[in-house]
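Going by this note's numbering, the letters in the sequence shown line up with residues 424 to 562, in that order. All residues carry an ideal CB built from backbone N, CA and C; glycine is no exception. Since this is a predicted model, take the numbers as computed values, not measurements.
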Amino acid sequence: MLLNFATARYDAVVADLPEIVDEASEPILTQAKGVYLVTAPERASLFLARKRISALQARGVWESHIHVVLNRYTGRCAKIEEIEQILERRVTVVLPEDSEARRWVLDAGMANARSVLRKTFCAFARTAAGMTAATSPLE
Numbered sequence: 424m425l426l427n428f429a430t431a432r433y434d435a436v437v438a439d440l441p442e443i444v445d446e447a448s449e450p451i452l453t454q455a456k457g458v459y460l461v462t463a464p465e466r467a468s469l470f471l472a473r474k475r476i477s478a479l480q481a482r483g484v485w486e487s488h489i490h491v492v493l494n495r496y497t498g499r500c501a502k503i504e505e506i507e508q509i510l511e512r513r514v515t516v517v518l519p520e521d522s523e524a525r526r527w528v529l530d531a532g533m534a535n536a537r538s539v540l541r542k543t544f545c546a547f548a549r550t551a552a553g554m555t556a557a558t559s560p561l562e
């Protein structure tokens, strides 16, 4: 009911759901135009993400609607290609590790307009809203 209310009034609706895929989240997930699964680059996180992708598919989320967001990527861990092999799918968006940008937000209450992380978030938001393609500043 809440989802119907929101989708009737807004161009885009974003729902931050718990990591567990259950009956409560299923209607939101199966009606979504895109499901963005956020994961860290550590191996344990990647294997958990792969399990979540399987759980999403088992609940009826279309393969083409599932996207992976790689968070806190430094390039010092596995390469993107290796991460994609573990996940068995392409990474859609790469959010770089940027501790300076995080400190700026905590201190100033807003993101530094020149930070790579802010620019990447903006590109990701445009993509999720269907405006443009996201690109990684690390490519």
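Name the DSSP bridge partner or partners of residue i?
i: HIS488; result: In DSSP, HIS488 forms no bridge with anything.
Could you name the residues of the same chain whose beta carbon sits closer than 6 Å to that of residue i, not counting the 5 residues immediately before and after it, in chain order?
i: SER559; result: Residue placement at SER559 is poorly supported in this model, since its pLDDT is 48, which falls under 50; the coordinates are not used for a value here.
Going straight from the alpha carbon of residue i to that of residue j, what length do you get?
i: TYR433; j: GLU507; result: 33 Å
i: VAL436; j: ALA447; result: 17 Å
i: VAL539; j: ASP445; result: 35 Å
i: ALA438; j: ARG473; result: 21 Å
i: ARG499; j: PRO464; result: 10 Å
i: GLU486; j: GLN480; result: 7 Å
i: TYR459; j: LYS542; result: 18 Å
i: GLY553; j: ALA546; result: 11 Å
Of the residues the options, which one's Cα is nearest the Cα of residue i?
i: ARG466; options: GLN454, GLU505, ALA481, LEU460; result: GLU505
i: ARG525; options: ALA429, PHE544, GLU442; result: PHE544
i: VAL461; options: GLN454, PRO441, ARG549, ALA552; result: PRO441
i: ALA519; options: ALA501, ALA548, LEU493; result: Position check: residue 519 holds Pro in this sequence, whereas Ala was assumed. Nearest option by C-alpha distance: LEU493.
i: ILE451; options: ILE509, LEU425, THR550, SER522; result: LEU425
Got a sec? Which residues, its chain only, sit under 7 Å from residue i by beta carbon, not counting five neighbours each side?
i: LYS456; result: HIS488
So is residue i in contact with chain B if we call contact Cβ pairs under 8 Å?
i: ALA524; result: Among the chains of the structure shown, chain B does not appear; only one protein chain is present.
Do the region 528–537 and the region 502–515 make contact, defined as three or more Cβ pairs closer than 8 Å? Verdict: no, contact absent.
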